[in-house]
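Here is the structure we will look at.
Residue numbers (full-length UniProt numbering), protein chains in the order written: chain U, 1 to 75; chain E, 1 to 75; chain P, 1 to 75.
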């Protein structure tokens, strides 16, 4: 490795942000899916499909950040 | 170790982000599993299977971040 | 210790992330155990066993981060 390769720090920051955003965002989202499912069990399949829509939307930015991490690691 | 090995700072950042995202995400998620189970105890097995689906989705980004931490530590 | 040993900063970051993730995650999780137990006291033992399952899942990433902290401290 060459000295002063700041790209690796940038990659670490981007990966950390992706983990925080994806982990907490999905956790809060799916927790309310479980709450709704325990309130109205017959709605489970509809809630599940909406939950996956939510997971996709939550993951947009974390996935972008992981892509950034890969790009920055190579710098 | 060579001086100025910035990869270790990047690894520490990525590991910290993974811990925050995985810990808080799973905590919020499983807390609502407990709430749903106390509301409808007969739904426990179905809620548990959905909870594990949620844990898997929550862990995607933290696990990626841990993988980044390993990669960056070797840089 | 040699000067400019960046591994100690990385170890501190990883340990901090583990503390935040494990602390808040377990706090939120066990708070809902208490809420569920106060709702249905006769479910206490089943809720407790599920809570310990949840604590184990929450602690996965923080424990990994602590392991990273030990590894990085030696770098």
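Glycine residues also receive a C-beta, built at the ideal position from the N, C-alpha and C atoms.
Open item on the list: One question on the structure: do residue 30 of chain E and residue 51 of chain E come within less than 8 Å of each other, judged by their Cβ atoms?
Closed with: yes
- [ ] Assign residue 70 of chain U to one of two classes, buried (16 or more other C-beta atoms within 10 Å of its C-beta) or exposed (fewer than that).
- [x] exposed
Open item on the list: Can you confirm whether residue 1 of chain P, when its beta carbon is compared against all beta carbons of chain E, has any partner nearer than 8 Å?
Closed with: Low per-residue confidence applies at residue 1 of chain P: pLDDT is 49, beneath 50, and the placement is therefore not dependable, though the value from the model is reported in the following sentence. So no, residue 1 of chain P is outside the interface.
Open item on the list: Let's test the definition: count the other Cβ atoms within 10 Å of the Cβ of residue 57 of chain P and tell me whether it reaches 16, buried, or not, exposed.
Closed with: buried
Task: Touching by the beta-carbon criterion (3+ pairs, under 8 Å), the region 36-50 of chain E and the region 7-17 of chain P - done: no
- [ ] Starting from the beta carbon of residue 49 of chain E, find every residue of chain U whose beta carbon is closer than 8 Å, and list them in chain order.
- [x] Here the premise fails: no neighbours, minimum Cβ distance about 11 Å.
Open item on the list: Please give me, in chain order, every unbroken run of the beta strand (DSSP E) with length at least 3 that falls completely inside the UniProt domain "V-ATPase proteolipid subunit C-like" (9-72) of chain P.
Closed with: none
Task: Beta-carbon gap between residue 36 of chain P and residue 37 of chain E smaller than 8 Å - done: yes
- [ ] Please decide whether residue 74 of chain U counts as near chain E, where near means a Cβ-Cβ distance under 8 Å.
- [x] no
Open item on the list: List, in chain order, every chain E residue whose beta-carbon is nearer than 7 Å to that of residue 164 of chain P.
Closed with: Residue 164 of chain P lies beyond the residue range present for chain P, which begins at 1 and ends at 75; the question has no answer from this structure.
Open item on the list: Does residue 65 of chain U pass the burial test, meaning 16 or more other C-beta atoms within 10 Å, or should it be called exposed?
Closed with: buried
TODO: Could you check if residue 40 of chain U is buried or exposed, using at least 16 other CB atoms within 10 Å of its CB as the buried criterion?
DONE: exposed
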